[in-house]
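Inspection log for the structure reproduced underneath, given as structure tokens.
Number of protein chains: 4
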Amino acid sequence: MIIVMQLHATDEQVASVVEHIRASGLQEHVSRGSELVIIGAIGDENKLDVGRFEILPGVERVSRVTKQYKIVSRDSHPAGSVVKVRGIGIGGPQIQVIAGPCSVETQEQMDIAADAVAAAGCRLMRGGAFKPRTSPYAFQGLGVTGLEYFQAAARRHKLPIVTELMDIRMLDTFMEYDVDVIQIGARNMQNFDLLKEVGRVNKPVILKRGLSGTISEWLMAAEYIAAGGNHNIIFCERGIRTFETAYRNVLDVTAIPVLKRETHLPVIVDPSHAGGKAWMVPALAQAAIAAGADGLLVEMHPNPCDAWCDADQALSPEELKKLMGTLGAIATAIGRSI
Amino acid sequence: MIIVMQLHATDEQVASVVEHIRASGLQEHVSRGSELVIIGAIGDENKLDVGRFEILPGVERVSRVTKQYKIVSRDSHPAGSVVKVRGIGIGGPQIQVIAGPCSVETQEQMDIAADAVAAAGCRLMRGGAFKPRTSPYAFQGLGVTGLEYFQAAARRHKLPIVTELMDIRMLDTFMEYDVDVIQIGARNMQNFDLLKEVGRVNKPVILKRGLSGTISEWLMAAEYIAAGGNHNIIFCERGIRTFETAYRNVLDVTAIPVLKRETHLPVIVDPSHAGGKAWMVPALAQAAIAAGADGLLVEMHPNPCDAWCDADQALSPEELKKLMGTLGAIATAIGRSI
Amino acid sequence: MIIVMQLHATDEQVASVVEHIRASGLQEHVSRGSELVIIGAIGDENKLDVGRFEILPGVERVSRVTKQYKIVSRDSHPAGSVVKVRGIGIGGPQIQVIAGPCSVETQEQMDIAADAVAAAGCRLMRGGAFKPRTSPYAFQGLGVTGLEYFQAAARRHKLPIVTELMDIRMLDTFMEYDVDVIQIGARNMQNFDLLKEVGRVNKPVILKRGLSGTISEWLMAAEYIAAGGNHNIIFCERGIRTFETAYRNVLDVTAIPVLKRETHLPVIVDPSHAGGKAWMVPALAQAAIAAGADGLLVEMHPNPCDAWCDADQALSPEELKKLMGTLGAIATAIGRSI
Amino acid sequence: MIIVMQLHATDEQVASVVEHIRASGLQEHVSRGSELVIIGAIGDENKLDVGRFEILPGVERVSRVTKQYKIVSRDSHPAGSVVKVRGIGIGGPQIQVIAGPCSVETQEQMDIAADAVAAAGCRLMRGGAFKPRTSPYAFQGLGVTGLEYFQAAARRHKLPIVTELMDIRMLDTFMEYDVDVIQIGARNMQNFDLLKEVGRVNKPVILKRGLSGTISEWLMAAEYIAAGGNHNIIFCERGIRTFETAYRNVLDVTAIPVLKRETHLPVIVDPSHAGGKAWMVPALAQAAIAAGADGLLVEMHPNPCDAWCDADQALSPEELKKLMGTLGAIATAIGRSI
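See the structure below:
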């Protein structure tokens, strides 16, 4: 921790800060310049509370120097981690595109969707049975019936399934229906009790970034899961909220190289929710792969015009197939495969 | 719903939009200008999905005209609502300042805090037993023991208590310990399952605005609670996330007059979390009352330097008392009381 | 400057940083902890470039400790400054409300406006002759003719005039027409050549905050003016750009106490541009004064419905008069006058 | 223009809106639903002022339907435009990477830089002679001497030069020194007088996006230039300001496909200023090209450690050369060349 004293701070004020540092079991290093006194607190910073130093008389500002995330930090595991889902690796040289509809609607819709996902060359499938909707009057998902349709459709192609968990009380049901990857949605990135619970199960978790989640908060949200024992975490960038109103969110591609440097865990991107329009998806998907993402989460619907939600952002099966071709060429250009 | 067609949209494209409107049981009004065709869909807009129109060929953009919140809308209840907490009205001419520590620490701390809250002239008390913390390694609150300390301290002064609920599974415990007002924190503004549950109980709810929650999303989050039957909802502005890094959040005072116009429910402000520093609290609290807020949620600790969390943002008992005096004068200036 | 080394930084890397510090004529203080090495560079920090240290091998991050603004800093002038405009003080105990129309339209409109400004008890008048408009096809202001109308109207009431300068080449004209206060608009907060020029003249300057200007950038923009010799600078908060779309900008009241602490110069607020709607202005104006602002810049039009620009945000003469009454009561409540 | 009336608006209020529409020479279309009345104003919308309708009694909200930019709109020129700079096309199938140092420092530095730019296969060169700096005490550029060094270095390789114009009064000097492409910086995106002036000369202009410039404002800023007669405009995305503090700006790749749809003009990206760190540049540059950008503006310095400004964001000559190889492969993958 570094404490910068105010201009003209007195010797007593400096002494008081030093006393507080020692009382916490750390050591101080005092640097006196012509204008400013800077005090470093050396030792286990987790024993210190920034706020308690900031209110000491004469203190200008206080900043931490060590990271508050440990298990998910690349420092703890310099080589990258590959999360395995029924034998399929996420985070390795092969890029994984997880495709499927926004919401599970009918068995037939899911069967056709699963065929299209497999035909396009994707190895995992997505679909929502429980839907977080801004309005209480919007379609909230089929629930458990949706899980049934989804599993029935996906198993015909041996596609592992990815679906969102919103309510802690449904976790047992997810285990029972053998959901392969649990998705935590953007609005739940800091639903700490939910994070703790998925930290106790042995299933890979996709952790979406909150609408205005900082990189640091996101890493700490993952640390909540990891601290429970579950290290199979996949970060998913899905666009952030900004001042721009011409599109729903701003896909933050810079997060990709930054996360890859900060954490050993895989990073994927959801270009569908980021832009909010199907016609933007190819450009955003291509950008994500070119920037180093380990995979994508893409919405595809057998017949977008009839989708029960987010109709305007789903690709058609043909569009998905075409996109997979372009992504393959880009993957090759940067030394990866798809 | 209003559908603006693209420049040069064909008659067939217009006809197709009209057909979709009729198929949904609504009526169309087509306005043909020299350059543009605009189509209005008249009837129950909730039957229409914006996305499904946006992907029709020739459509430029689609916008809703009716509000998606009904029960919380001022249209449904033109006079303002007063939420009663054990006889104390929130939303009436009298302004309510809810004060207390960030977190419950010990019985002694809570006893002194309750004395100070009452002595300052406040009529309700706040305190956290379950704490949402960004880091999994930070103090997470005393839990149920904290509720016990809190009630014991507050009852000596007959102060109704306000505390945060994070986990659905704790709701029964909150009812058992007779928590007077349930607070939903900023990070849970769109935890829809939690909102639905507090919609089923008969307790006033303080709904904090999400870190980047829009006015519209916030109103719809309240509608989730109201739709369950619980209409005793109090909005709490607590600062929003912006580009500015000189302070933690930006207190959005504009939200006060805007919410008072959009909803009949009371609006309070948390100046402590907004600014993040105790020295900013008086200015922000004064601004909130002057802008028309119905109350405040203020952090006060018997001894801020020793607080277990957010030490730098708590007022001392003396500072709270002094602030109450200034707020009283401002309340009088705008025709209210405290 | 504080340099935090990476975990596992080598002794050679530390030595290289130290060497760079010494080469710049400063002294180093090296703090070695169990995990981290932190290096302080003590001396005149302005000799150092953060970027050149950030790219040295083994460096994790670098931060400045001294402020980059000197003349405008409160450190240089602990008592507050009062800017005088023809004998009227801005920044003293008396609050100044500067009112008038968005744009100068006709001599008659300005005459009626000046009468209303004086009748409401305001002591300065605002009005735009050169207008920054987002669209090149919108009304751009009357130009020099506008200055003539404005001065003719204001002089009858001895009201000093405030008007915006957009183009460096018009500065001589402003001096010739004896504009009393030069306003630099939000879009020009970092138009550095314009700032340098107004730094060379002997006229008070109102410096509006940029749409997404940070407190720190704003202070440095003022320092550009001050460095030229003109210390008569007034900061004007006018709302910042955020994700919220329910209103034009978010009035940042927190900026008021923060600026008053950082600088000795006066701080005023423009509630009209902040909210963008006349009905929001009273609440925002009241909040600004209650939070400690030294004055306001308010739009008032003799007949808002006929205004040539921003018709929806101007108060009528009656509304202004009523607002002045409420503001007077709030000023009294916080120990000031109006 | 579409006017949505308030719930319970009276017939008189509707009639008054209609009257205002007719008075402006347009035609009204009134759509009466069970709950709402919506009025369309058909005709030349530029004759109408949104604000004047918003304050009419009974009006809920008003929105424009036509775009306020004409010349730069793709509607006016459905095929894309190629801007030619001494025979080199920007906006065609060939991607252009414009590289060079942040600021011109010495003749030797520029000579080495020009050699490296040409050796890497780039066809245009960038360099700053006039620098916009946040602090008045930072290096402000070499000025005219910088232009001389720059031209002397670039001419040896026949590289057209790109450099920033900040001050209107320097435009003649830019013409005299035969600057090939005039760059308008982010802080001047809405310096309308500067835009008007560069609209009058016959030189290509790179218009950078403002720190928080919306797509719509950016298009209208370009329209200011185009309205003066200069249609050789190149948009340059350089990252936007958001809540994230882990990197300087957020590169908005979504702006690329959206601009390509809205305007016929070329779109390039500056990955150096977006991320702010050299190690982020390859990922961001790759993302930009994969998303469809027509070119890049990249900082390269012969010896980044010695750069006079932005040392931490410049690529070395070797890094630039390597990046060009990867970009070439990505260009091929999406059917373009470099």
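Heads up: the protein sequence lines correspond to chains V, S, E and X, in order. Sequence positions in the first sequence follow my numbering and run 9 to 346. Sequence positions in the second sequence follow my numbering and run 9 to 346. Sequence positions in the third sequence follow my numbering and run 9 to 346. Sequence positions in the fourth sequence follow my numbering and run 9 to 346. The C-beta atom is built at its ideal place from N, Cα and C for all residues, glycine as well.
| query | result |
| --- | --- |
| Chain E contacts from the region 60 to 92 of chain X (Cβ-Cβ distance under 7 Å) | Arg60, Glu62, Ile63 and Gln76 |
| Min CB distance Tyr232 of chain E to chain S below 9 Å | no |
| Under the three-state DSSP convention, the category Val275 of chain X falls into | strand |
| For His309 of chain E and Ser24 of chain X, the rounded distance between their alpha carbons | 21 Å |
| Continuous alpha helix (DSSP H) stretch holding Leu259 of chain V: start and end | Leu259 of chain V -> no alpha helix (DSSP H), and no H or E assigned at all. |
| Short CB-CB distance (under 9 Å) between Glu327 of chain S and chain V | no |
| Neighbourhood of Gly149 of chain X by C-beta distance below 8 Å, restricted to the same chain and skipping five residues each side | Ser111, Val112, Gly136, Ala137, Phe138 and Lys139 |
| Rounded separation between Asp52 of chain E and Met9 of chain E - CA only | 9 Å |
| is_contact[Ala286 of chain E, chain X] using C-beta, thresh 9 Å | yes |
| Identity of the residue in X:Ala282, X:Val266 and X:Glu245 nearest Arg256 of chain X by Cα | X:Ala282 |
| Per DSSP, the bridge partner or partners of Lys92 of chain V | V:Gly97 |
| Partner residues on chain V for Tyr255 of chain X, Cβ-Cβ distance less than 7 Å | Thr262 and Val266 |
| Close-in-space but distant-in-sequence residues of the same chain around Pro312 of chain V (CB under 7 Å, 5 per side omitted) | Ala286, Ala319, Ala322 and Ser324 |
| Cutoff 6 Å; reference Lys329 of chain S; Cβ partners in own chain excluding five residues on either side | Ala128 |
| Simplified DSSP state of Met288 of chain X, which is helix, strand or coil | helix |
| Between the CA atoms of Phe200 of chain S and Ala87 of chain E - distance to the nearest angstrom | 51 Å |
| Selection from S:Ala234, S:Pro274, S:Val289 and S:Gly284 that minimises the alpha carbon distance to Gly97 of chain S | S:Pro274 |
| Proximity test, Cβ basis, 9 Å: Ser220 of chain E and chain S | yes |
| Ser111 of chain V at chain E interface by Cβ criterion, 9 Å | no |
| Cα-Cα separation, Ile214 of chain V to Val90 of chain V | 13 Å |
| From X:Asp83, X:Pro109 and X:Glu27, residue whose alpha carbon lies closest to that of Thr171 of chain X | X:Pro109 |
| Euclidean distance between Cα positions of Arg30 of chain S and Gln21 of chain S | 14 Å |
| Interface residues of chain V facing Thr171 of chain S [CB-CB closer than 8 Å] | Residues of chain V passing the Cβ test: none, with the nearest at roughly 15 Å. |
| Closer than 9 Å at the beta carbon, the chain S residues around Asp52 of chain V | Simply none; closest approach about 11 Å. |
| Exposed unless 16 or more other CB atoms sit within 10 angstroms - verdict on Asp314 of chain E | exposed |
| First and last residue of the uninterrupted beta strand (DSSP E) at Gln35 of chain E | Gln35 to Arg40 |
| DSSP state of Cys110 of chain E mapped onto helix, strand, coil | coil |
| Beta-carbon gap between Ser39 of chain X and His37 of chain S smaller than 9 Å | yes |
| Per-residue DSSP class, three states only, for Ser345 of chain V | strand |
| Sequence ranges, alpha helix (DSSP H) only - wholly within the region 142 to 207 of chain E, length at least 4 | 152 to 163, 179 to 184 and 200 to 206 |
| Short CB-CB distance (under 9 Å) between Glu252 of chain S and chain E | yes |
| DSSP three-state assignment for Arg30 of chain V, whether helix, strand or coil | helix |
| Neighbour flag for Ile297 of chain X against chain V, beta carbons, 9 Å | yes |
| Expected contact under 8 Å - CB spacing of Val277 of chain S and Ala301 of chain S to nearest Å | 5 Å |
| Burial state of Pro212 of chain S (16 or more Cβ within 10 Å) | buried |
| Sequence-distant residues of its chain with Cβ nearer than 7 Å to Ile297 of chain X (five each side left out) | Ile103, Leu335, Ile338 and Ala339 |
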